[in-house]
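Taken in order, the sequence shown gives residues 4 to 231; the numbers are from my numbering.
Yeah, the Cβ is synthetic: ideal placement off N, Cα and C, and Gly gets one too.
None of these values were measured; they are calculated from a predicted model.
To start, the structure itself, in structure tokens.
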Amino acid sequence: MGRRSGVLEFAVLGLLHDAPMHGYELRKRLNVLLGTLRAFSYGTLYPCLKSLVAQGFLVEDNPDDEYVPATALNGKRSKIVYRLSPEGKERFEELLADSGPDAWEDEHFGVHFAFFGQTDRAVRMRVLEGRRSRLEERLERMRNSLARARERFDDYTVELQRHGLESVEREVRWLNELIETERANRSGRTGPNTAGPDKTSDGRGQEAGSPDPPGPPYDRPGRSDQER
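Encoded structure:
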């Protein structure tokens, strides 16, 4: 199965895990989940649905007495409602538990992250740390490329590369915050600034009577020491 079809399979199973729905509603939800820039057409979605049905992961429920399948000629859309079979639920759980290198890639990571609320914490940590590692490798290559571009290309090309570099740097900072928050929650703390049990706190994890901490980033959970 190709990478794009694998992303679509995971997204379809995940959305149908919440509730059965027909193809039109499913397509709308997919476009919200995956973004309009990667919007899926019926020509992409329905072959995926048929494949999942054939594999036993989905069950078709047809509420109509007479069903006319959609074709390019009649322009009709089926009224089939799709729901997960027991095998489909097992398949979704299997995909949900995957924390290997594929889960760190751009498209796969977005879908994994969308279902983090249903994902085991240890798997979330492996995916987040793997994604950060992958982006740090990408940053190194981009910085080297930008250094060469300043000598070889015009200002606009350099600016485009710099924009891409800054986008990756922002995602790495975001991942750092998420990872710190996950670690804090795993240790039973509500955040890195929680006051100790013997201290009187003013609600921000700060001892009563002490001066205000500098800058608003202090109050944001998951901020690193360098950012405070």
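| Start and end residues, beta strand (DSSP E) containing aspartate 109 | Position 106 of the sequence shown, counting from 1, holds the residue named residue 109. Unbroken run through aspartate 109 is the alpha helix (DSSP H), 109-117; no beta strand (DSSP E).
| field | Coil, strand or helix - aspartate 158 by DSSP | value | Reading the sequence shown from its first residue, position 155 is the one you call residue 158. Helix at aspartate 158.
| said: Is the beta carbon of phenylalanine 13 closer than 9 Å to that of leucine 237? | reply: This structure gives no information on residue 237, because the portion of the chain shown stretches from 4 to 231.
| Residues of its chain near leucine 149, where Cβ-Cβ distance is below 8 Å and the 5 sequence neighbours each way are ignored | Here residue 149 is taken as the residue at index 146 of the sequence shown, counted from 1. Correct list, in chain order: Val161, Gln164, Arg165, Leu168.
| query | Would valine 35 be called buried (16 or more neighbouring beta carbons within 10 Å of its own) or exposed? | reply | Translated into the one-based positions of the sequence shown, residue 35 becomes position 32. Counting Cβ neighbours within 10 Å, valine 35 comes out exposed, since fewer than 16 surround it.
| message | Please state whether the Cβ-Cβ distance between valine 114 and leucine 37 is less than 9 Å. | response | Taking the sequence shown and counting its residues from 1, the one referred to as residue 114 is at position 111. Taking the sequence shown and counting its residues from 1, the one referred to as residue 37 is at position 34. Cβ distance < 9 Å, so valine 114 and leucine 37 count as in contact.
| Taking the C-alpha atoms as reference points, what is the distance between isoleucine 83 and leucine 33? | Your numbering for residue 83 matches position 80 in the sequence shown. Your numbering for residue 33 matches position 30 in the sequence shown. Their backbone Cα atoms lie some 17 Å apart in a straight line.
| query | Hey, quick one: how far does the beta strand (DSSP E) through aspartate 64 stretch, first residue to last? | reply | Here residue 64 refers to the residue found at position 61 when the sequence shown is read from its first residue. It spans 61-64 - the beta strand (DSSP E) in which aspartate 64 sits, taken as one unbroken run.
| query | Smallest Cα separation from phenylalanine 95: which of Pro104, Arg124, Leu61? | reply | Mapped onto the sequence shown, residue 95 falls at position 92. Looking at the Cα atoms, Leu61 is the closest of the given residues.
| proline 89 - containing alpha helix (DSSP H), residue span | Counting from one through the sequence shown, the residue named residue 89 turns up at place 86. Segment 89-99, the alpha helix (DSSP H) holding proline 89.
| query | Going by alpha carbons, who is nearest to glutamate 28 out of Arg86, Leu55, Val56? | reply | In the sequence shown, residue 28 corresponds to position 25, counting from 1. For glutamate 28, the nearest C-alpha among the options comes from Arg86.
| request: Kindly indicate the opening and closing residues of the alpha helix (DSSP H) around lysine 31. | output: By 1-based counting over the sequence shown, the position of residue 31 is 28. 26-37 is the span of the alpha helix (DSSP H), which, as asked, contains lysine 31.
| task | Taking the CB atoms as reference points, tell me whether lysine 92 and histidine 25 lie closer together than 9 Å. | result | Residue numbering aside, residue 92 sits at position 89 when the sequence shown is read from its first letter. Residue numbering aside, residue 25 sits at position 22 when the sequence shown is read from its first letter. Their beta carbons are not under 9 Å apart, which means lysine 92 does not touch histidine 25 by this criterion.
| Candidates Met145, Ala187, Ala152: closest to serine 170 by CA position | Within the sequence shown, residue 170 is the residue found at index 167, counting from 1. Out of Met145, Ala187, Ala152, Met145 has the C-alpha closest to the C-alpha of serine 170.
| Where serine 54 and glutamate 172 are concerned, what is the direct C-alpha to C-alpha distance, given to the nearest angstrom? | The residue labelled residue 54 in the question sits at position 51 within the sequence shown. The residue labelled residue 172 in the question sits at position 169 within the sequence shown. Taking the straight line joining both Cα atoms gives about 39 Å.
| task | Kindly confirm or deny that the region 152-159 and the region 116-131 touch, where touching means at least three C-beta pairs closer than 8 Å. | result | no
| task | Could you tell me if glycine 46 is buried or exposed, where buried requires 16 or more neighbouring beta carbons within 10 angstroms of its beta carbon? | result | Sequence index remark: in the sequence shown, residue 46 carries index 43 (1-based). Per the 10 Å Cβ criterion, exposed.
| task | Have a look at Val126, Phe116, Ser88 and flag the residue whose alpha-carbon is nearest the alpha-carbon of serine 102. | result | The sequence position of residue 102 within the sequence shown is 99, counting from 1. Taking only the C-alpha atoms, the option nearest serine 102 is Val126.
| message | Are there any heavy atoms of the ligand ZN lying less than 8 Å away from the beta-carbon of serine 170, as far as the coordinates show? | response | Judged by which ligands are present, the structure shown has none, so any question about the ligand ZN falls away.
| Taking C-beta to C-beta, are alanine 100 and aspartate 123 nearer than 9 Å? | Counted from its first residue, the sequence shown places residue 100 at position 97. Counted from its first residue, the sequence shown places residue 123 at position 120. Yes, the Cβ-Cβ distance between alanine 100 and aspartate 123 is below 9 Å.
| request: Measure the Cβ-Cβ separation of valine 10 and leucine 48 and say whether it is below 9 Å. | output: Within the sequence shown, numbered from 1, the residue matching residue 10 stands at position 7. Within the sequence shown, numbered from 1, the residue matching residue 48 stands at position 45. No, the pair does not count as a contact, with Cβ atoms beyond the cut-off.
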